[in-house]
Each structure stands twice: as C-alpha cells, then as structure tokens.
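Q: Quick note on the working numbering: the sequence shown kicks off at 17 and runs consecutively. Built from N, CA and C at the ideal position, the CB exists for glycine as well. I have a structure I would like to understand better, so I am pasting it below and will then ask my questions one at a time.
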Amino acid sequence: MLECEVKSGWSQFIEFIESRCSSAEFENWIAPIRLVESSLEETVLEVPNIFVQEYLLDNFKEVLADFLPLKGSGDPAVRFVVSQADARYSSLPAPIDADEPPPSDIKLNPVYTFDHFIEGPSNQFVKSAAVGVAARPGKSYNPLFIHGGVGLGKTHLLHSIGHYVLEHHKKLRVQSITTEAFINDIVDNLRSKSIDKMKRFYRNLDVLLVDDIQFLQNRLNFEEEFCNTFETLLNQNKQIIITSDKPPGQLKLSERMVARMEWGLVAHMGVPDLETRVAIIKHKSELRGLNIPNQIAFFIAEHIYNNVRQIEGAVNRLCAHSRFAESNLNEEIVEKILSEMFQTAASHKKVSVESILKSVAAVFEVRISDVKGESRHKEIALARQVAMYLAKEMIDDSLMKIAASFGGKTHSTLLHAWKKVSDQIQANETLRRQVQLVRRNIET
Ligand code: ADP
Ligand code: MG
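Here it is in structure tokens:
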C-alpha cells in the first residue's frame, strides 16, 4: 500500500513535469529515468548518466520534494544509480582492428556542443582553437590547454570537441575523463590488479579529453602515472585537450608536467561581455521553450555577470516560474524571482582603482600618492604592484584603461606587476595574507 503510494508519487511527478516541459526536454532528460525501487525512506532512480541526474536535481529538486518522501534536511530522499556496468575495458578492441569503429561509451553532456556554445570576444579565440583541434585531431595544437574561471564554459567546450570527433572521425577512439575519475580509475584497477589493462586502454586512445587538471595537484603518485600516459599519447601525435582553473605555470605540478602542458596551445576563457551574456540568456531560454524579451535579457545580464552557470540558473528559475504562473515577465517580476541571485551579484560591488589604492595604502602603511607615484623604494614598489595585481583581478575593464589610472602606466607594466605578485603569493605566506586582507577591505 505504502509502496504503491510512493510509486504513484513518482508517476504523478512525471505527469506533472511532462505537462510543463517542452517535448524535446522531456524526451532528452526525463523519459530516460527509471524508477528502480521505492520505499517510505527512499526512492531509487536509474539514470543513463550523471548529467541526467544533475539536470533533474538542478531543475526540479523542489518539485520532486512535493511528490516524493523527504530526508530530514527537507531535500527529496532520492538515490541514483547509473545504468549499465562500465564496460569500457572489456570492450576494448584490439589495436589492429582498424576497420571496426570502436565502441563508444564516452560520457558527454548531450547539450554541450559547438552549436550551443555562444561566441563573443571573451571566448572566440579558445572556441576557434577547439574547433581546429576537433577538425584535425593531433594535427594542429597539441595539447590544447583551456583555462579560466568557474562556470565559464570550459567543460562545455571540451565536450563539444568530443561530440564533433565522434561525429566526424568515426574511427577514432575518444575518451573524456575528469581528473578525479582518472585517479579513481587507477585506484580501482590497482585493487583489481588490472592496471596494465587500464594503461593499455588509455594509451590506445586517439583523443583524450581531460577535465579539471587542477585536481591532480598534490597527488604525487597519480601525477606520475598521468604524466606517463600523457607523454605516450603526445609522442604518438594523439590529441589531448585539458581544462584547468589556472594556467599551467600556476599549477602546483612537476616542471615536467607543466612543460608538457605548455607545449601546445594555452588558451584563456574569459568572462563574457554584456552582449554575449544576453545572447546566452536568449539561447538557453529558447532551448527551454521560453521567449525572454530583449529588455529582460539585458536586465538579467546586467545583474549577473561573472558566471555563466549562474546565468543559466536564473533562466531555469524563470522557466520554472513561467510554467507555474502564466504571467508576462517584466522587470519587477524578474527582480522578485531572482532577488537572491541578484543580491549575490550585487555584493560584488563595483570595485574602483581608488578603493584598491586606499585599501592597499592602509594595509601596507604607505601613502596613496606614493603608490601612484614613481618611487622605487622597496615597500612602496611592492604596494604598487599589489594594487596593480588586484586591479587586474577585480576590475572588469581593459588593461590599458586600468594601467592609465595608475598615474599613466602602460599595460605591460601592469601585466608585469600582476605576474610578479601572482608568483610571489604562491611562495610568500605573509604577502598572501596581506593581499587577502586588502581584498577583504575592498569587498566589505
Ligand atoms: P566550467 O567547466 O568552465 O566551470 P561549464 O562548461 O560547466 O563551465 O559551463 C557552465 C554552464 O554554462 C554550462 O551549462 C554551459 O552550457 C554554460 N555556458 C558557459 N559558457 C557558455 C557559452 N559561451 N555559450 C553557451 N553556454 C555556455
Ligand atoms: Mg567544468
């Protein structure tokens, strides 16, 4: 009886969602989910991959909570299992078997394709590098190293390369891994004594996509194994694409590893400008069957500016809202729905060079006029470099403009200062603390 109620909870949820999703959305994301088990404590769902799970939780957690049993925390008590045992190694084709297309169970987010990637000045270069590599794997830049902040589309671009290669180079063996998964793979295979099989698997790939290499930092034993795999592939001209939250030189990895990563092309993924953010909002909402008027798209883009994932969260929220209430969206309603998100964005209040100078002068106990001046006195020069470093980090403006506000310095002086301080704070704890303190004073 009770089980029956829970089951009907899931089917009620399905019915409810189906009437509120576009049919493509439903087919792609919801229909593949299977109910495996349900009890009063827990609902077990089988998903084809982790993305479906994330999609469900990102978009419908609250709705799920209305239909399914809850945990103490108020979240829905759902457990996920990913379908099909991972058959990667056992289905490994012999290397000579070149006519048979290799079986592929590569895990790529279906929406992360080049078609769905919106271009703008901040990502044009890295996108065209990615397209180049996907079109001619192993023949242009190798490795391609993509770095940039959280939620700016690195994984999206990485998976786009994967999709493209699968579609256009059917004979190539492609695999996409997160660095965490690679490490777990090593651990599992060591345990089951199948490490040679695993090594063979990776070393027989034609294209390897590696997400979030920063997680290899401080994992010495794994770094060595990774580096060996990496070199083997590179030496055979097999394509490697890596993403990271920092450029190679700032990663705490061996010199050998850093040198290898810098060997090909290092490309930066920047924060999208206003127009690009608007285009992303329009595109994401159309995918979800919602037409957001330009004026509203600009309004959102002006308030959420440093993370595309947050922008996407905002669009999801608006979609959910407009499914429940058929009201027209206007700025007032949007502001109400997105108020928390706007607040977090608003707390990053606009930072000016003046406020940085003021805070630096206070922490380093020097005069603002000295920081802006020409003095080469050691303490003053350091304070000036820290101010320049923070200005580049915190102000979203052209380097030339920022440099000019420091008493007419050039942008190469600014870059030099930035590089120097970035390096020094890695090694110098005191300086790191001082910089943090300045930053906190500016932000509050
Ligand atoms: P990262 O790996 O850099 O943290 P992701 O690739 O996971 O970021 O991107 C976060 C979200 O933002 C994804 O849903 C992605 O589709 C979206 N996104 C980021 N940049 C773009 C872009 N230029 N065009 C379309 N969507 C984007
Ligand atoms: Mg990512």
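(1) How many Å lie between P109 and L188 at the Cα?
(2) Kindly examine the ligand MG and report whether one of its heavy atoms sits closer than 7 angstroms to the Cβ of D228.
(3) Nearest CA to the CA of G305: which residue from Y405, A336 and D289?
(4) What number of angstroms, rounded off, separates the C-alpha of Y405 from the C-alpha of N200?
(5) Following the continuous beta strand (DSSP E) through H163, name the residue where it begins and the one where it ends.
(6) Taking G25 and L160 to be in contact with their CB atoms under 8 angstroms, please state how far apart those CB atoms are, rounded to whole angstroms.
(7) Between the segment 172-189 and the segment 127-134, do three or more beta carbon pairs fall short of 8 angstroms?
(8) Rank Q442, F32 and F42 by C-alpha distance to the C-alpha of V68 and give the top, closest one.
(9) T171: beta carbon under 7 angstroms from a heavy atom of the ligand MG?
(10) Measure the alpha-carbon distance for P309 versus K352 and round it to whole angstroms.
(11) Measuring CB atoms only, is the segment 200-209 touching the segment 142-151, in the sense that at least three cross pairs come out at less than 8 angstroms?
(12) Is the beta carbon of L373 less than 8 angstroms from the beta carbon of V382?
(13) Alpha carbon to alpha carbon, how far is T194 from A313? Give it in angstroms, no decimals.
(14) Starting from Q442, trace the beta strand (DSSP E) both ways and give me its first and last residue.
(15) Compare the Cα-Cα distances from I162 to each of T259, G329, S192 and S39 and report the closest residue.
(16) Nearest by alpha-carbon distance to N220: which of R333, Q255 and I30 is it?
(17) Any heavy atom of the ligand MG inside 7 angstroms of the beta-carbon of T195?
(18) Would G169 and N139 be called neighbours here (beta carbons separated by less than 8 angstroms)?
(19) Measuring alpha carbon to alpha carbon, tell me which of K87, A47 and L303 ends up nearest Y128.
(20) Is DSSP giving A362 helix, strand or coil here?
(21) Could you give the C-beta distance for W311 and L267, rounded to a whole number, given that I count them as a contact under 8 angstroms?
(22) Does the separation of the CB atoms of I33 and I46 fall below 8 angstroms?
(23) Just how far apart, CA to CA, sit L182 and S192?
(24) Any idea if N14 is buried or exposed, counting beta-carbon neighbours within 10 angstroms, 16 or more meaning buried?
(25) Go ahead and pull the three-state DSSP assignment for P92.
(26) Should I134 be listed as close to the ligand ADP, given that the test is whether its C-beta is under 7 angstroms from any heavy atom?
(27) Give the single residue among H185, Y71 and W434 whose Cα lies nearest to the Cα of G329.
(28) Whole angstroms is fine: what's the gap from I396's alpha carbon to E390's?
(29) How many Å lie between P119 and E53 at the Cα?
(30) If you measure between the beta carbons of S323 and G167, is that distance less than 8 angstroms?
(31) I believe I320 touches M357 by the beta-carbon criterion, under 8 angstroms. Please report the beta-carbon distance rounded to the nearest angstrom.
(32) Which ranges does the alpha helix (DSSP H) cover as unbroken runs of at least 4 residues, wholly within the segment 171-231, from first to last along the chain?
(33) So what does DSSP say about H393, is it helix, strand or coil?
(34) If you follow the beta strand (DSSP E) that A283 is in, where does it begin and where does it stop?
(35) Whole angstroms are fine: how far does the CA of L80 sit from the CA of K417?
(36) For the alpha helix (DSSP H) containing L415, name the first residue and the last one.
A: With the given structure in hand:
(1) Note that P109 scores a pLDDT of 41, beneath 50, so its modelled location is shaky and nothing firm can be said.
(2) yes
(3) A336
(4) In this structure, the alpha-carbon of Y405 lies about 37 angstroms from that of N200.
(5) L160 to G164
(6) Going by Cβ atoms, the distance from G25 to L160 rounds to 46 angstroms, so no, they are not a contact pair.
(7) Yes: at least three Cβ pairs fall under 8 angstroms.
(8) F42
(9) Checking the Cβ of T171 against the ligand MG gives yes.
(10) 17 angstroms
(11) no
(12) no
(13) 33 angstroms
(14) Run containing Q442: none in the beta strand (DSSP E); it sits in the alpha helix (DSSP H), H427 to A443.
(15) Closest in alpha carbon position to I162, among T259, G329, S192 and S39, is T259.
(16) Among R333, Q255 and I30, the Cα nearest to that of N220 belongs to Q255.
(17) Flag unset: Cβ of T195 not near the ligand MG.
(18) With respect to N139, G169 sits close: the two C-beta atoms are nearer than 8 angstroms.
(19) If we check each option's Cα against that of Y128, L303 comes out closest.
(20) Legend: pLDDT at A362 = 46, less than 50; position of this residue unreliable, value from coordinates given subsequently. Three-state result, A362: helix.
(21) The residue asked about is misnamed: residue 311 is Gln in this sequence, not Trp. Not confirmed; about 42 angstroms, so no contact.
(22) yes
(23) 12 angstroms
(24) Because residue 14 is not part of the residues shown, which for the chain are 17 to 460, the question remains open.
(25) Three-state DSSP puts P92 in a strand.
(26) I134: yes, Cβ under 7 angstroms from the ligand ADP.
(27) Y71
(28) 9 angstroms
(29) Note that P119 scores a pLDDT of 49, beneath 50, so its modelled location is shaky and nothing firm can be said.
(30) Checking the sequence, you will find Asn at residue 323 rather than Ser. In contact: N323 and G167 (Cβ atoms closer than 8 angstroms).
(31) The Cβ separation is near 6 angstroms, so the contact holds.
(32) Correct list: 195-207 and 211-219.
(33) coil
(34) L281 to M285
(35) 49 angstroms
(36) L415 to A420
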